[in-house]
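The sequence shown begins at 1 in the UniProt record's numbering and counts up one residue at a time.
Ideal placement from N, C-alpha and C gives every residue a C-beta, glycine not left out.
Please read the structure below before turning to the comments.
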Amino acid sequence: MQTISATELARHTREVLDKVASRGESVAIERNRIMIARIVPPEPTMTAAQALAGLTPMLTPEQAARWLEDSKEDFDEAVRDPWA
Numbered sequence: 001m002q003t004i005s006a007t008e009l010a011r012h013t014r015e016v017l018d019k020v021a022s023r024g025e026s027v028a029i030e031r032n033r034i035m036i037a038r039i040v041p042p043e044p045t046m047t048a049a050q051a052l053a054g055l056t057p058m059l060t061p062e063q064a065a066r067w068l069e070d071s072k073e074d075f076d077e078a079v080r081d082p083w084a
C-alpha cells in the first residue's frame, strides 16, 4: 500500500483516485507522519442471481419447483396506485 501525505493528496487528488479506481490499489494518507485515513477500492458487487446461484445445488428439482411456487403464491401482479 502506497503512503502519501495529505498535502500530496490535495495536490494530486485525481491521480490518486485514478490509481484506486483503475488499478485497485489502496492508499494510506498521513498528516504529520501519522496515518489518518486510507482510500481503498470498493468491495466487489454481486447481483441477486449471482448470490442465489449457490443455493440451486442444495435443492432437489422438486424442492426448487415447490419453493418457486410458494414464492409466487401470494404475489399479485396487478399494478396498484400506492397513493389511492
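Item, Value
"Around the C-beta of residue 39, are 16 or more other C-beta atoms found within 10 angstroms, so that it is buried, or is it exposed?", "buried"
"What is the DSSP secondary structure of residue 46, counted as helix, strand or coil?", "coil"
"Taking residue 62 as part of the alpha helix (DSSP H), name the residues at either end of that continuous run.", "61 to 72"
"Secondary structure at residue 27, three-state DSSP: helix, strand or coil?", "strand"
"I'd like to confirm the pairing. Which residues does DSSP put opposite residue 22 in its beta bridges?", "Answer by DSSP bridge pairing: none, since residue 22 is not bridged."
"Identify which residue in 37, 76, 78 has its Cα closest to the Cα of residue 1.", "37"
"Residues in the same chain with beta-carbon distance under 6 Å from residue 17, minus the five sequence neighbours each way, listed in chain order, please.", "none"
"Which whole-angstrom value describes the C-beta separation of residue 30 and residue 13, a residue pair presumed to lie in contact below a C-beta threshold of 8 Å?", "With a Cβ gap of about 16 Å, residue 30 and residue 13 do not count as contacting."
"Please state whether the Cβ-Cβ distance between residue 41 and residue 20 is less than 7 Å.", "yes"
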